[in-house]
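Inspection log for the structure reproduced underneath, given as structure tokens.
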Amino acid sequence: MVRKHRSLVRFLSVTLMAGLAVLQVMAQAVVPPALLGSFLPPGYITSAGQTSDAAIVKVLANTKLKLGFSYDIAAKPQAIAGIKTLVLVLGASNKGLGAAGLSLEQDMERVKSLIAEAKKQGAKIIAMHTGGTARRGEASNHVIALCVPLSDAVIVVEGGNTDGFFTGLCEKAGVPLIEAASIAEAGSVLKSLVAQQ
Amino acid sequence: MRKLLVLWWCLSIVSLHVGAQSALDWVSSEVRMGPGVAVVRSLSDFFPELRETPFDTPVFVMGYPRGDSGALCRAAVISGAHANEIAGILAAYWIIERCRVSEGRLIVVPHANASGSSWSLQEAERPRFLALGDRTIRYGARLSNPAQETFPDPTSFVPPEASDSFRPLAGQEARNLNRQYPGTRDGNRTAQTAYALTQMLRAEHVQIALDLHEASLGSSLVWSMIARPEYLDIAALAVLDVEDETGVSFHLENSRDEFAGYSHWEWGKLGISAFLVETPNPAQPTDDPTVDQLSNAVAPMAKRVYVHLCAAKSLLAYAASNLGNAGTLRVEGFPSSIEEVSRWLEETR
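If you're matching them up, the sequences are chains W and L in order.
Here the first sequence is numbered in the working numbering, starting from 1 and rising by one per residue.
Here the second sequence is numbered in the working numbering, starting from 1001 and rising by one per residue.
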């Protein structure tokens, strides 16, 4: 009888600890349960607008969280053959566009063709914005307005949505929006969305 | 005999005056040399034409001071390229006073453009001063003092190694140290200072170099790190660490050929892992003297210095680690909180 109780206590403790751990990850960000683990590997990270924030998301996803996603800031459709999840890091950067030798319009064409390819092969799309409102100029808003309605989930670091720009777009398109308090938390959200293998 | 004595007295007064103008003197009265400093050199050791000019400035060597240090990593922290960007200068002072280098060599140049600290936008004859605890810190303007330059400003300025398609800058940018790299031997004094700093990096075989800056609150550069594409991953790792430690989310910028003359672009060309870090300065761009630099609500000095130091700690560690077997670097003594930096700023001897 005592042994039975001990087992029950042990089981409850483990469950409680696991629950607390999940709660800690999600202390700020609220992830709809249906989305947890709903994005499959292999994944691919690229930018929409050539923002260098894509490099931060790459390091976060791969070096820190060991997701093992492929990366090219200026990926073309043929690069994403066979992937199941496409991560678009949103933000227009004149310097980044210049470095890639692209105009904003050319990069938008690249992004449109990437999204079309991802949809064609049944891959899902996560849009991420880590740059904050202060750096979200008109060009970035253009990029965001293009990508958000075509995504399956949007992750935004809170400072980037103080004006409700993402909220409006997501509500209109019926796309789930997850706000994270920091870049690191945005990474935790990304990890929670990806099915563990 | 009497005439000779008068001449000697006059020369002494003149040399005292020149000495009082030299950063080699006034920096040593501001910074309290810590146990980690092995030797203090002057920038003119690397380019003698700067000797006894207002552009000469002290170079603090920490860790292995001279000779062959084997496979140990050599890094540099440079601040004060713009003499009004005080938080970077104070971060360099913290390293000089509080840090120890147990492996590798770290070179610290707190006032890269000492001439910039001899004047201000409000007063052409005098720098500005900031009271910290029982010491007074001198600071100045973004550009070199025009009265100390060898040539008048040109009508327009193109950095020394810019491409043919580079759009010329305003002539006064010839006195902007962070547009003059890698410098020229026969240019104006600002160009010679850039040349001396590049010579120093070469002579010391520096592998990692940080350039600490500030930007006005409205600038897109606030809270940003800039590096060439090959070093962007190192900067990205540092961004995540700094956010974790300070709550500040940095932005990354890609260095490219339009940054000709900038430290991160030109030093990177030499194979140096080079990074530029920007914190916000509430008094910029006019260097408004009515702004309280220390306790400004948006960007208090302690926070700016602390973030610079957290960024420096992470960038040095990740960049050294990226060198693999090419070197090791261990720097200890960085602050663990903003409060620790606040106490240091208010410290009395």
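Think of the CB as a built atom: it goes at the ideal place given N, C-alpha and C, for glycine as much as any other residue.
Only a predicted model underlies this, so the values are computations on that prediction, with no experimental measurement involved.
Where does residue i fall in DSSP's three states?
i, result
"Ala175 of chain W", "Note that residue 175 of chain W is Val in the sequence shown here, rather than Ala. Val175 of chain W: coil per DSSP, three-state reduction."
"Arg1138 of chain L", "strand"
"Phe1275 of chain L", "strand"
"Lys112 of chain W", "helix"
"Met1062 of chain L", "strand"
"Ile83 of chain W", "coil"
"Lys124 of chain W", "strand"
"His1082 of chain L", "coil"
"Pro77 of chain W", "helix"
"Glu1149 of chain L", "coil"
"Gln106 of chain W", "helix"
"Met1301 of chain L", "helix"
"His1111 of chain L", "coil"
"His1308 of chain L", "helix"
"Arg1364 of chain L", "What the structure shows of chain L is the stretch from 1001 to 1349, and residue 1364 of chain L is not part of that stretch, so it cannot be assessed."
"Asn1176 of chain L", "coil"
"Val25 of chain W", "Because Val25 of chain W sits at a pLDDT of 46, beneath the cut-off of 50, its placement in the model cannot be relied upon, and the point is left open."
"Ser1336 of chain L", "coil"
"Ser1102 of chain L", "strand"
"Met1200 of chain L", "helix"
"Gly43 of chain W", "strand"
"Arg1126 of chain L", "coil"
"Glu138 of chain W", "helix"
"Arg1330 of chain L", "strand"
"Gln1192 of chain L", "helix"
Leaving out five residues on either side along the sequence, give the residues of the same chain with a beta carbon under 6 Å from the beta carbon of residue i.
i, result
"Asp1241 of chain L", "Ser1314"
"Val1109 of chain L", "Val1059 and Ile1078"
"Phe1157 of chain L", "Leu1169, Gly1171, Glu1173 and Ala1174"
"Trp1267 of chain L", "Ala1209 and Ala1274"
"Ile1137 of chain L", "Glu1030 and Leu1130"
"Val1305 of chain L", "Ala1087, Leu1090, Ala1091 and Val1341"
"Ile144 of chain W", "Leu90"
"Met1200 of chain L", "Phe1046"
"Thr1155 of chain L", "Gly1171"
Establish whether the CB of residue i and some CB of chain W are separated by less than 8 Å.
i, result
"Ala1236 of chain L", "yes"
"Asn1281 of chain L", "no"
"Val1239 of chain L", "yes"
"Phe1074 of chain L", "Reading off the sequence shown, one finds Arg at residue 1074 of chain L, where the question assumed Phe. Judged by the 8 Å Cβ criterion, Arg1074 of chain L is not in contact with chain W."
"Asp1233 of chain L", "yes"
Please report how far the alpha carbon of residue i lies from the alpha carbon of residue j, in whole angstroms.
i, j, result
"Leu177 of chain W", "Thr162 of chain W", "14 Å"
"Asp1211 of chain L", "Ile1107 of chain L", "12 Å"
"Leu146 of chain W", "Leu88 of chain W", "11 Å"
"Gln1192 of chain L", "Arg1202 of chain L", "15 Å"
"Ala1366 of chain L", "Ser93 of chain W", "A question about residue 1366 of chain L goes unanswered here, because the residues of chain L that appear run from 1001 up to 1349."
"Ile1234 of chain L", "Glu158 of chain W", "25 Å"
"Leu67 of chain W", "Ala61 of chain W", "6 Å"
"Leu169 of chain W", "Val154 of chain W", "10 Å"
"Leu1090 of chain L", "Pro1282 of chain L", "16 Å"
"Glu1052 of chain L", "Pro1182 of chain L", "22 Å"
"Ala1332 of chain L", "Ser1321 of chain L", "The displayed chain sequence assigns Glu, not Ala, to residue 1332 of chain L. Their backbone Cα atoms lie some 16 Å apart in a straight line."
"Ala21 of chain W", "Thr167 of chain W", "Confidence is the limiting factor: at Ala21 of chain W the pLDDT is only 43, short of 50, which leaves the residue's position unreliable, though a coordinate-based value still follows. Rounded to the nearest angstrom, the two C-alpha atoms are 28 Å apart."
"Pro77 of chain W", "Gln106 of chain W", "14 Å"
"Glu1103 of chain L", "Thr1057 of chain L", "25 Å"
"Tyr1093 of chain L", "Ile1226 of chain L", "22 Å"
"Ser1044 of chain L", "Thr1348 of chain L", "32 Å"
"Asp1257 of chain L", "Gly1133 of chain L", "43 Å"
"Arg1128 of chain L", "Lys1303 of chain L", "21 Å"
"Ser1295 of chain L", "Gln1180 of chain L", "33 Å"
"Gly49 of chain W", "Gly101 of chain W", "12 Å"
"Lys250 of chain W", "Ser1255 of chain L", "There is no way to answer for residue 250 of chain W, as the model of chain W reaches only from 1 to 197."
Given the structure, does residue i come close to the ligand MN, in the sense that its CB is under 7 Å from one of the ligand's heavy atoms?
i, result
"Gln1293 of chain L", "The ligand content of the structure shown is nil, which means the ligand MN is not present either."
Under 8 Å between C-beta atoms, does residue i make it to chain L?
i, result
"Thr63 of chain W", "yes"
"Ile155 of chain W", "no"
"Ile56 of chain W", "yes"
"Lys59 of chain W", "A small correction: the amino acid at residue 59 of chain W is Val; Lys does not occupy that position in the sequence shown. Judged by the 8 Å Cβ criterion, Val59 of chain W is in contact with chain L."
"Gly131 of chain W", "yes"
Quick one: what's got a C-beta closer than 7 Å to residue i's C-beta in the same chain, skipping five residues either side?
i, result
"Arg1135 of chain L", "Glu1030"
"Arg1041 of chain L", "Val1059 and Val1061"
"Trp1026 of chain L", "Arg1138"
Give, in chain order, every residue of the segment 1149-1180 of chain L whose Cβ lies closer than 9 Å to some Cβ of chain W.
For the segment 1149-1180 of chain L, which is checked against every Cβ of chain W, not one residue is closer than 9 Å.
To be precise: take each residue of the segment 78-105 of chain W, compare its Cβ to all Cβ atoms of chain L, and keep it if any distance is under 8 Å. Which residues remain?
The residues in question are Ser93, Lys95, Gly96, Gly98 and Ala99.
Residues of the segment 1238-1268 of chain L with a CB closer than 8 Å to any CB of chain W: list them in chain order, please.
The segment 1238-1268 of chain L vs chain W, Cβ under 8 Å: Val1239, Leu1240, Glu1243, Asp1244, Gly1247, Ser1249, His1251, Leu1252, Glu1253, Asn1254, Arg1256 and Glu1258.
Check distances from the C-beta atoms of the segment 31-54 of chain W to those of chain L and list, in chain order, the residues that come in under 7 Å.
Along the segment 31-54 of chain W, going in chain order, the ones with a CB nearer than 7 Å to a CB of chain L are Ser52 and Asp53.
If contact means a Cβ-Cβ distance below 7 Å, which residues of the segment 162-194 of chain W contact chain L?
Of all residues in the segment 162-194 of chain W, Ser182, Ile183 and Ala184 have a Cβ within less than 7 Å of some Cβ in chain L.
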